[in-house]
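Colleague:
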Amino acid sequence: MRSRTILAPKGTDTRPTLDRTRESLFNILAAECPESRVLDLYAGSGALALEALSRGAQSAVLCDCSREAARVIRQNIASLKLEDRARFLFMQDLQAVAMLGREGAKFDLVFLDPPYRLDTASACKALAEARVLLPDALTVIEHAAASLPQPGAGYELTDRRTYRDTMISFYRYRGDTNAEGLGVSGQL
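So the mapping is simple: the numbering used here equals the position in the sequence shown, first residue as 1, plus 18.
#1: Give every residue of the same chain whose Cβ lies closer than 8 Å to the Cβ of Gly170, excluding the five residues on either side of it in the sequence, and list them in chain order.
#2: Leaving aside the five residues before and after Ala75 along the sequence, list all residues of the same chain whose C-beta is less than 6 Å from its C-beta, in chain order.
#3: Based on the DSSP secondary-structure assignment, which residues constitute the bridge partners of Met185?
#4: Nearest to Leu166 by CA position, among Leu100, Leu112 and Arg178, is which residue?
#5: Rounded to whole angstroms, what is the Cα-Cα separation between Leu157 and Phe125?
#6: With Ala104 and Ala67 assumed to form a contact (beta carbons below 8 Å), what rounded beta-carbon distance in angstroms separates them?
#7: To the nearest angstrom, how far is the alpha carbon of Val202 from that of Arg192?
#8: Using a threshold of 8 Å, state whether the C-beta atoms of Ala48 and Leu127 are closer than that.
#9: Does DSSP classify Glu69 as helix, strand or coil?
#10: Tell me the DSSP secondary structure of Val56 in three-state form.
#11: Got a sec? Which residues, its chain only, sit under 7 Å from Arg149 by beta carbon, not counting five neighbours each side?
#12: Taking only runs that begin and end inside the region 78-123, name each unbroken alpha helix (DSSP H) of 4 or more residues, in chain order.
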């Protein structure tokens, strides 16, 4: 994706991940991207999911409820010719998770990069309840360094990185460790 320009929505509602931060993030995620099924719940420009696709992810679902973000995401998907691997949902986060759960969708890499004023705890809970996370799915939460996310039961912090006033926290979804097939394994 380095040779292609990604458009970003105008206004203050979207806070795109800085290029350097995104590059560092994907260096960390190098082993996670190939063949992964990605969910980008607060897609903004779609840059995180689109970067994952460019690094070998199998498919991506991008979600955002902003009209400007929707316009930009659709343009970015089309300009990168990723229509066959990227799906865009123009809806609220919890509505999208519920729908994906009903469809039986499964993800092993999830990006949560909402506006800093939003708490990700309800999204993490919804992801678990909708059963859209595969065992050991990695949830990557970008947040203000001053406030740490509280994803809730079933999520295990495996790494945390700080980039100026931004922090990225990495959580493995362990789910109910008593449920069949959901054991604890590996790290990031």
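Every residue gets a Cβ at the ideal spot worked out from N, C-alpha and C, and that includes glycine. Here the structure is a predicted model, which is why all the values come from computation and not from measurement.
Modeller: The short version:
#1: Excluding residues within five positions, the ones whose Cβ falls inside 8 Å are Ala139, Cys142, Lys143 and Ala146.
#2: Correct list, in chain order: Cys51, Ser54 and Val56.
#3: The bridge partners DSSP lists for Met185 are His161 and Thr180.
#4: For Leu166, the nearest C-alpha among the options comes from Arg178.
#5: As written in the sequence, residue 157 is Thr, which differs from the Leu given in the question. Cα to Cα, Thr157 sits roughly 10 Å from Phe125.
#6: Right, the Cβ-Cβ distance comes to about 7 Å (below 8 Å), so this counts as a contact.
#7: A caution first: Val202 carries a pLDDT of 35, below 50, which makes its placement in the model unreliable, though a value can still be read off. So the two alpha carbons sit approximately 6 Å from each other.
#8: No, they are not a contact pair.
#9: Residue state for Glu69 is assigned as helix, using DSSP reduced to three classes.
#10: Strand at Val56.
#11: Excluding positions up to five away in sequence, the list reads Gly119.
#12: For the region 78-123, whole alpha helix (DSSP H) runs of length 4 or above, ordered along the chain, are 85-97 and 111-121.
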